[in-house]
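> In my numbering, the protein residues as written are 9 to 253.
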């Protein structure tokens, strides 16, 4: 499923900042992998092969998920584009917690508790973005939302020079807004959809001065807070673990 991109001008304006975020998250992903691979040096336990394999699987999944976040921050396409990576890392953490021999060693045996804290940060961000609700959205409703968004943005572009955006695009915009409100009411307004609606509503109310938006964007705000917590979690764990290496 592809959600619309709200026009090339908005993307170009954000490209520099987004590229910088991508570089930071790629670097952080590398350090997460390195940190998790250094875990045995910081632990009083010697890992057997099974535990070492679980640790490596989680480290690899962590780097892939973190890189996916960096590539889908603007426009927000986290829930759709990173679903597979999140499923993998959730599975690897479940395997760790389900292991009688490895659960305590990998999650709780060091003061930094790197694996536990990383998973908590990932899952909290995923949940705050309401990503699981997107999986309950039918293909027809997803396509309908995308089509309505495309229609509104095309209307904006077509009527810029005419100066009649508010009147010409009102019907299309209200149809999109009402659909989004219905999705919110039904519990399907994940961060991907909220960010898409947010961009369109900002254009309507701020850029074209057609009225105030009537949409709450808590999923996007929560997602931003969650992403800010990732480097804090990582560097906090890194500082603690280097005391033992």
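Ideal Cβ placement from N, Cα and C applies to all residues, glycine included.
It should be emphasised that the depicted structure is a prediction, and the values quoted were computed from it without experimental measurement.
Here's a check: name, in chain order, each residue in its chain whose Cβ is nearer than 6 Å to the Cβ of residue 76, leaving out the five neighbours to either side.
As a working note, residue 76 is residue 68 in the chain shown. Answer for residue 76: 90, 93, listed in chain order.
> Within 10 angstroms of the Cβ of residue 146, are there 16 or more other Cβ atoms? Answer buried if so, exposed if not.
As a position in the chain shown, residue 146 is number 138, starting the count at 1. It is exposed - the Cβ of residue 146 has fewer than 16 other Cβ atoms within 10 Å.
> Which term fits residue 70, buried or exposed, when burial requires 16 or more other beta carbons within 10 angstroms of its beta carbon?
Position 62 of the chain shown, counting from 1, holds the residue named residue 70. Residue 70 is buried by the Cβ-count criterion.
> Between which two residues does the alpha helix (DSSP H) containing residue 78 stretch?
Here residue 78 corresponds to residue number 70 of the chain shown, with the count starting at 1. 57 to 79 is the span of the alpha helix (DSSP H), which, as asked, contains residue 78.
> Would you kindly check if the distance between the Cβ of residue 114 and the Cβ of residue 153 is under 8 Å?
The residue given as residue 153 occupies position 145 in the chain shown. The residue given as residue 114 occupies position 106 in the chain shown. Cβ distance not < 8 Å, so residue 153 and residue 114 don't count as in contact.
> Provide the residue span of the alpha helix (DSSP H) that contains residue 187, from first to last.
By one-based count along the chain shown, residue 187 stands at place 179. Run containing residue 187: 178 to 194, per the alpha helix (DSSP H) assignment.
> Taking residue 158 as the reference, which of 189, 80, 184, 81 has the closest Cα?
Walking along the chain shown from the start, residue 158 turns up at place 150. Here the closest residue by C-alpha is 184.
> Do three or more CB pairs link the segment 126 to 140 to the segment 81 to 88 at distances below 8 Å?
Taking 8 Å as the limit for Cβ pairs, the verdict is that the segment 81 to 88 does touch the segment 126 to 140.
> Tell me the residue span of the alpha helix (DSSP H) that contains residue 160.
As a first step, residue 160 is located in the chain shown; it is residue number 152 there, counting from the start. Here the alpha helix (DSSP H) through residue 160 covers 147 to 167.
> Any beta carbon from chain C within less than 8 Å of residue 127's own beta carbon?
Considering every chain present, this structure includes no chain C. It has just one protein chain.
> Whose CA, out of 144, 171, 186, lies closest to the CA of residue 209?
Counting from 1 along the chain shown, the entry for residue 209 is found at position 201. When only C-alpha atoms are compared, the closest one is 186.
> Indicate whether residue 188 and residue 197 have their beta-carbon atoms separated by less than 8 Å.
What you label residue 188 is simply residue 180 of the chain shown in a count that begins at 1. What you label residue 197 is simply residue 189 of the chain shown in a count that begins at 1. Against a cut-off of 8 Å, the Cβ pair of residue 197 and residue 188 comes out as a contact.
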